[in-house]
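Undergrad: Chains as they are written, first to last, in the numbering used here: chain A, 337 to 1226; chain B, 178 to 290. Glycine included, each C-beta is placed from N, C-alpha and C at the ideal position.
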Amino acid sequence: MKFLAYFRSLAGKFFHRSQVDDEIKEEQRSHIQHRADDLERSGLDHAEAERRARIEFGGRERFKEESFEALGGKFIETLIQDVRFSLRLLRKSPGFTIVAVLTLALAIGANAVVFGVLNALILRPLNVPQAGSLWGIERGSDKAMNQSYPDYLDLRDRNRSFDDLAAYNVTSVGLDTGNNPSGAWILEVTGNYFDALGIQPHLGRFFHSADERGPNSAPYIVLSYPYWHSHFQDDRGVVGRTVLLNKHPFTILGVAPPEFRGTLLFLFPDFWVPIVNQEQVEGVYGLNARGKHNSILMVLGHLKAGVTPSQAVADLNSIGSYLEKTYPKDDGQMTFSLARPYLAGDWLGGPLREFLAGLMLLAGLILLAACANLGSLFAARAADRSREVALRLALGSRRTRILRTLFTEAVLISLIGGAAGLWSSVVLLHGLSVWRPLPTAPVQVPVNPDANVYLFALLLSLASGFLFGAVPVRQILRTNPYEVVKSGSSGRVGRRVTVRDLLLVVQIAICAVLVTSSMVAVRGLARSLHSNFGFEPQNAMLVETDLNMAGYRGDSLSAMQKRMIDALQTIPGVKAAGSVDRLPLYYGSNGSQVFTDETTDFRLSNLAAYPSTYNISPEYFQAAGTALWSGRTFTWHDDKNAPRVAVINQEFARKIFGSASSAVGRYYKTKDGTRIQVVGIVEDGKYDSLTEDPEPALFRPVLQSPSSLTCLVVRSNPVHSNDDPQQLVTAIKKTVQDLDAGLPFSIHSWNQELESALFPSRMATLSLGVLGLMGAMLSVTGIFGMAAYSVSKRKKELGIRMALGAQRKEVLQAALGRPFKLLALGSAAGLFLGILAGRVLASIVYQATPRDPLVLAGVVLVMSLLGLLASWIPAQRALSIDPLILLREE
Amino acid sequence: MTAQAQLLPGTLDLLILKAVSLGPLHGYGVLLRIGQISEQALLIEQGALYPALFRLVRQGLLKATWGTSENNRRAKFYELTSTGRKRLQEETDGWNRLAVAIASALAAEPEEI
């Protein structure tokens, strides 16, 4: 109540000074008139009465000013005074100030960065109109977002919940604008895509549903703004121009607005083409096959106004059960759920959300540790200033006034630290936004900070300022001026456990958790780098292309692949070369349906396995370094006229045939009942992710399952590649260009390619490592502060002990015993918590387990090293005390 | 008129609270009421009343509303809040204790020591 009135009068002062002024004046006038009325009644004439009344009232201006101050007008002056005083104090102890500001800058900076990423990737919706009602459709219990095109059409036409449903695919194509053909990443979209999203063209026009009139009926391109800028130099005449896409003429219709970057947050397409032209774009047309559930990457649309997500799900599920009944051979589990489309639903969004939430928690712990650290520093400072505080109290200063000074100082530090932290985090976030983490895909992390991030940092600064400023409050409130002034600064001997001790233990525990998790992550990464992938990425170069881009079709595909392999094998230093359609560990794999040989009813519920499937040339295993377990690999005679054959991995053999040894020579069936003979078994590997359990995999000869997507693996002798890797790259480039100058392709080493598979655990390790480092730094400063303070407090006692003949060891024990005990306690607690938190880590980092003895030993070692490091200087100081000088001083 | 005494520091607030506790008053009315209840024994500079009134409003002890006075003029009326009433009670008790103590101290005779 009192507070409310106070703030109301304060607010009045700030916002309506003239109004308050007028009100005071009017009240004064009213008073004088009332007085004049009385005087007139007592017999004075009107003019005389007014004159007397004014004189009796006194100096109106002076009283107006005094009234003004009484209303709380002095707040600002006091604040400025406090700030000046605090700045003077801080300048007097630059060491303390720098440590405090740096600590906070680090902690708040870390929080701002994590929050910035969280904000940009999870909280901020996609930059499309009404993003709140835009949902993607997930299918089945494994939350796959992909669908088959016929299923999409049914969903689109039968649902009553969405305004419209659009669909798209990500693919890469070759674009020839007249000179140099180059590869591009594009979205194949349904005709209603732009209309369903409500996007307006920046230039020209978009294509619409009406443009779709069967396969290859809409050879149109809509450019993205950045691609238009970089490849067409903002030429407005580009509309209507015809370019060659995979050797097919396509007309450029228009340019999308600059703020529209497609419907995936991290992948910006170069342009959009209608999905009905899939045959020209991808070389194959898969839109007729209802069972081809990967022909569309994602279906998305705006919910109708008033329809809730759960109503929409019920609507979709009724369509789903209709589809299951009508097409039992093609449609398995057709239950649906909704997810935000921009992170590809739960496939990427789920783990990312978990990871970022975990990171945010750790960053929060860092800030808490920093606050604990600064809180104990502040408490120590307040204790040192107890004499000054006592004096001020004795001279009549109010305790609230002293506390206010203290809080001003704390908030000042936290604001300076917060500003520094925010500045560095903004720099970092801008850097992240333009960074292209993967060499082979246009993946970006658009995490530019916005107002939310600034607000977050400001709130954090203020909150932490008040948090650590509050630590010494009790101390000040308890100060008894008489006692302190009487007995000197050393004061009485404190209680056995102080708030400062508790803070230090908490802080060390937090830091130990951070150190534990970062060590676990580093170990996990080291392991994942040395695990068995089922291929050997060392000394292997990759040539990636899509033969479709240069117009190869049908039989000419494998003929061209054979020519390329033969040519590459003649390069000096090359040991082997082979081709595969999609590399393992490359943005997911293709699957195929496998039934046992005894199956006669090929409905999906009878499916025996759904292995990752690779179409390979005969030389692939040798080039990839995949070990053949038994049987044989393919030859160039395993063609369309030969019996259908396949090579499987051990897990496949175990799963379908019971054991790896008996599988060679046996048969499995495909969906159409074709019998396929297993001719060889290769070792297990990693196919979708590094953290997966052994999964079945299937290899088919490229002659029997042709594919335009071609990745040539070129294995060279280590000696040669060590000499000059660039020489090999040049030779490979020349060889491919000699075969077909119009074929766009890219060359990387296989290790570079693996970056994408290792990217998540690398990022996890990096961020955990940075947080762990910060945790370590914080515990050093915390222990240092505590030890230094305890030495300085007990100088006199230590001096007397030394004068009485104490040994160095005893002095050290007296000075540092307590900090070390606290360190041990905190580390043990932190280690325990770290082990508990290990489960969260295990989901992100490969084979991460905090029960690893190496990690445990490492954490203990690191924490004790940190303790030694932090108490070194205080220990030296304790030993160098000269009892004579000390005793003379006091 | 009897001889007037200067106010002790800090007592103006107490007097204002007391005056207002007897019923809502405008500033001039407070002055008149203090004069009346102290039997014109206390001297208050008229303008000095207002900073004190504003301070009490700020502390939440009084609340103020504009209205019309018995002279049919616009005036700001003050009345006691519940916090103000509590405060008045405390201050009155404190003052009484002090007054009794001072009075008995001053009344001390040599034979009593």
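Measure from the alpha carbon of arginine 980 of chain A to the alpha carbon of each residue in A/Ser1041, A/Leu943, A/Ala960, A/Ile611, then state which is nearest.
TA: As a first step, residue 980 of chain A must be located in the first sequence, where it is residue number 644. A check of alpha carbon separations from arginine 980 of chain A across A/Ser1041, A/Leu943, A/Ala960, A/Ile611 identifies A/Ser1041 as the nearest.
Undergrad: I'd like the span of the beta strand (DSSP E) that includes methionine 634 of chain A, first residue to last.
TA: Within the first sequence, the letter at position 298 stands for residue 634 of chain A. 634–638 is the span of the beta strand (DSSP E), which, as asked, contains methionine 634 of chain A.
Undergrad: Phenylalanine 1081 of chain A bridges to which residues according to DSSP?
TA: Within the first sequence, residue 1081 of chain A is the residue found at index 745, counting from 1. Its beta-bridge partners are A/Thr881.
Undergrad: When you compare the CB positions of tyrosine 1003 of chain A and arginine 1011 of chain A, do they come within less than 8 Å of one another, or not?
TA: As a working note, residue 1003 of chain A is residue 667 in the first sequence. As a working note, residue 1011 of chain A is residue 675 in the first sequence. Going by C-beta atoms, tyrosine 1003 of chain A is nearer than 8 Å to arginine 1011 of chain A.
Undergrad: Measure the C-alpha to C-alpha separation of arginine 828 of chain A and leucine 189 of chain B and round it to an integer number of angstroms.
TA: Here residue 828 of chain A is taken as the residue at index 492 of the first sequence, counted from 1. Here residue 189 of chain B is taken as the residue at index 12 of the second sequence, counted from 1. Its pLDDT being 46, under 50, arginine 828 of chain A is placed unreliably in this model, and the value from its coordinates should be taken loosely. Approximately 43 Å, taken between the alpha carbons.
Undergrad: Can you give me the C-alpha to C-alpha distance between leucine 426 of chain A and aspartate 418 of chain A, rounded to a whole angstrom?
TA: Locating residue 426 of chain A in the first sequence gives position 90, where the first residue counts as 1. Locating residue 418 of chain A in the first sequence gives position 82, where the first residue counts as 1. Distance between the alpha carbons of leucine 426 of chain A and aspartate 418 of chain A: 12 Å.
Undergrad: Name, going along the chain, the residues of the segment 193–223 of chain B whose beta-carbon falls closer than 9 Å to a beta-carbon of chain A.
TA: Going along the segment 193–223 of chain B in chain order, one finds His203, Gly204, Tyr205, Gly206, Leu208, Leu209, Glu222, Gln223 with a Cβ nearer than 9 Å to chain A.
Undergrad: Using a cut-off of 7 Å between C-beta atoms, extract the partners of leucine 407 of chain A located in chain B.
TA: Here the question's residue 407 of chain A lines up with position 71 in the first sequence. Result: Phe231, Arg235.
Undergrad: Pairs of beta-carbons, one from the segment 619–635 of chain A and one from the segment 483–497 of chain A, closer than 8 Å: are there three or more?
TA: yes
Undergrad: If the cut is a Cβ gap below 9 Å, which residues of chain A does lysine 263 of chain B touch?
TA: Taking the second sequence and counting its residues from 1, the one referred to as residue 263 of chain B is at position 86. Residues of chain A passing the Cβ test: none, with the nearest at roughly 11 Å.
Undergrad: Quick one: which residues of the segment 1121–1144 of chain A get their C-beta closer than 8 Å to a C-beta of chain B? List them in chain order.
TA: Listed by position, the residues of the segment 1121–1144 of chain A near chain B (Cβ gap below 8 Å) amount to none.
Undergrad: Give the single residue among A/Ser1097, A/Lys583, A/Ala448 whose Cα lies nearest to the Cα of leucine 1079 of chain A.
TA: Within the first sequence, residue 1079 of chain A is the residue found at index 743, counting from 1. Nearest option by C-alpha distance: A/Lys583.
Undergrad: Which of helix, strand or coil does DSSP assign to glycine 711 of chain A?
TA: Residue 711 of chain A sits at position 375 when you count from the first residue of the first sequence. In this structure, glycine 711 of chain A counts as helix in the three-state DSSP scheme.
Undergrad: Check for me: the beta strand (DSSP E) holding proline 979 of chain A runs from which residue to which?
TA: In the first sequence, the residue the question calls residue 979 of chain A occupies position 643. Note, proline 979 of chain A: premise wrong, no beta strand (DSSP E); not H, not E.
Undergrad: Please confirm whether asparagine 248 of chain B has its beta-carbon closer than 8 Å to some beta-carbon of chain A.
TA: Numbered from its first residue, the second sequence carries residue 248 of chain B at position 71. With 8 Å as the cut-off, asparagine 248 of chain B counts as an interface residue toward chain A.
Undergrad: Looking only at its chain, what residues have a beta carbon closer than 8 Å to the beta carbon of serine 760 of chain A, apart from the 5 residues adjacent to it on each side?
TA: The residue given as residue 760 of chain A occupies position 424 in the first sequence. If we look at serine 760 of chain A and ignore the five residues flanking it on each side, its Cβ neighbours are Ala441, Gly445.
Undergrad: Three-state secondary structure (DSSP) at serine 477 of chain A?
TA: Mapped onto the first sequence, residue 477 of chain A falls at position 141. Three-state DSSP puts serine 477 of chain A in coil, outside helix and strand.
Undergrad: So, does the CB of tyrosine 227 of chain B fall closer than 8 Å to a CB anywhere in chain A?
TA: Position 50 of the second sequence, counting from 1, holds the residue named residue 227 of chain B. Tyrosine 227 of chain B counts as touching chain A.
Undergrad: Which stretch, first to last residue, makes up the alpha helix (DSSP H) that contains glycine 206 of chain B?
TA: Along the second sequence, one-based indexing puts residue 206 of chain B at 29. Run containing glycine 206 of chain B: 204–214, per the alpha helix (DSSP H) assignment.
Undergrad: Any Cβ of chain B within less than 8 Å of the Cβ of glutamine 355 of chain A?
TA: Indexing the first sequence from 1 puts residue 355 of chain A at position 19. Closer than 8 Å: no.
Undergrad: Roughly how many angstroms separate the alpha carbons of leucine 1161 of chain A and glycine 1121 of chain A, rounded to a whole number?
TA: Stepping through the first sequence from its first residue, residue 1161 of chain A is reached at position 825. Stepping through the first sequence from its first residue, residue 1121 of chain A is reached at position 785. Those two C-alpha atoms are separated by around 17 Å.
Undergrad: Applying a beta-carbon distance threshold of less than 7 Å, which residues of chain B neighbour glutamate 392 of chain A?
TA: Taking the first residue of the first sequence as position 1, residue 392 of chain A is located at position 56. Neighbours of glutamate 392 of chain A on chain B, chain order: Gln223.
Undergrad: Taking 8 Å as the threshold (C-beta atoms), are alanine 699 of chain A and valine 450 of chain A in contact?
TA: To locate residue 450 of chain A, count along the first sequence from 1; it is residue 114. To locate residue 699 of chain A, count along the first sequence from 1; it is residue 363. It is a contact, given that the beta carbons lie within the stated cut-off.
Undergrad: Could you give the DSSP three-state label for proline 1054 of chain A: helix, strand or coil?
TA: Residue mapping note: residue 1054 of chain A aligns to position 718 of the first sequence, counting from 1. Of the three classes helix, strand and coil, the one that applies to proline 1054 of chain A here is helix, per DSSP.
Undergrad: Compute the Euclidean distance between the alpha carbons of asparagine 495 of chain A and isoleucine 655 of chain A, then round it to the nearest angstrom.
TA: Start at 1 with the first residue of the first sequence, and residue 495 of chain A comes out as number 159. Start at 1 with the first residue of the first sequence, and residue 655 of chain A comes out as number 319. Taking the straight line from one Cα to the other gives about 7 Å.
Undergrad: So is alanine 726 of chain A buried or exposed if we call it buried at 16+ other beta carbons inside 10 Å?
TA: Here residue 726 of chain A is taken as the residue at index 390 of the first sequence, counted from 1. Under this definition alanine 726 of chain A is a buried residue.
Undergrad: Starting from the C-beta of tyrosine 790 of chain A, find all residues in its chain whose C-beta is less than 8 Å away, skip the five residues before and the five after it, and write them out in chain order.
TA: On the first sequence, residue 790 of chain A is found 454 positions in, with the first residue counted as 1. The residues are Leu758.
Undergrad: Where DSSP assigns a beta bridge to glycine 967 of chain A, which residues make up the other side?
TA: Stepping through the first sequence from its first residue, residue 967 of chain A is reached at position 631. Answer by DSSP bridge pairing, in chain order: A/Gly1016.
Undergrad: Buried or exposed for threonine 245 of chain B, please, with buried defined as at least 16 other CB atoms from any protein chain shown within 10 angstroms of its CB.
TA: To locate residue 245 of chain B, count along the second sequence from 1; it is residue 68. In this structure threonine 245 of chain B is exposed. Its beta-carbon is surrounded by fewer than 16 other beta-carbon atoms within 10 angstroms.
Undergrad: Quick check on valine 770 of chain A: does DSSP put it in helix, strand or coil?
TA: Numbered from its first residue, the first sequence carries residue 770 of chain A at position 434. In the structure shown, valine 770 of chain A sits in a helix (DSSP, three-state: H, G or I).
Undergrad: Which residue wins for smallest C-alpha separation from valine 509 of chain A, given the options A/Ser750, A/Met885, A/Ala648?
TA: Numbered from 1 along the first sequence, position 173 holds the residue referred to as residue 509 of chain A. Of the listed residues, the one whose Cα sits closest to valine 509 of chain A is A/Met885.
Undergrad: Under 8 Å Cβ-Cβ, which residues of chain B neighbour phenylalanine 399 of chain A?
TA: On the first sequence, position 63 is the one that residue 399 of chain A refers to. Here the neighbours are Gly224, Ala225, Tyr227, Pro228.
Undergrad: Among B/Ala252, B/Glu268, B/Lys195, which residue has its Cα nearest to the Cα of tyrosine 205 of chain B?
TA: Numbered from its first residue, the second sequence carries residue 205 of chain B at position 28. Among B/Ala252, B/Glu268, B/Lys195, the Cα nearest to that of tyrosine 205 of chain B belongs to B/Ala252.
Undergrad: Glycine 395 of chain A versus chain B: which residues are under 7 Å apart at the beta carbon?
TA: Here the question's residue 395 of chain A lines up with position 59 in the first sequence. Ordered by position in chain B, the residues that pass the 7 Å Cβ test against glycine 395 of chain A are Gly224.
Undergrad: At least one CB of chain B closer than 8 Å to the CB of aspartate 373 of chain A: is that the case?
TA: Residue mapping note: residue 373 of chain A aligns to position 37 of the first sequence, counting from 1. Judged by the 8 Å Cβ criterion, aspartate 373 of chain A is in contact with chain B.
Undergrad: Which one of A/Gly379, A/Glu386, A/His567 has the shortest CA to CA distance from arginine 371 of chain A?
TA: Here residue 371 of chain A refers to the residue found at position 35 of the first sequence. It is A/Glu386.
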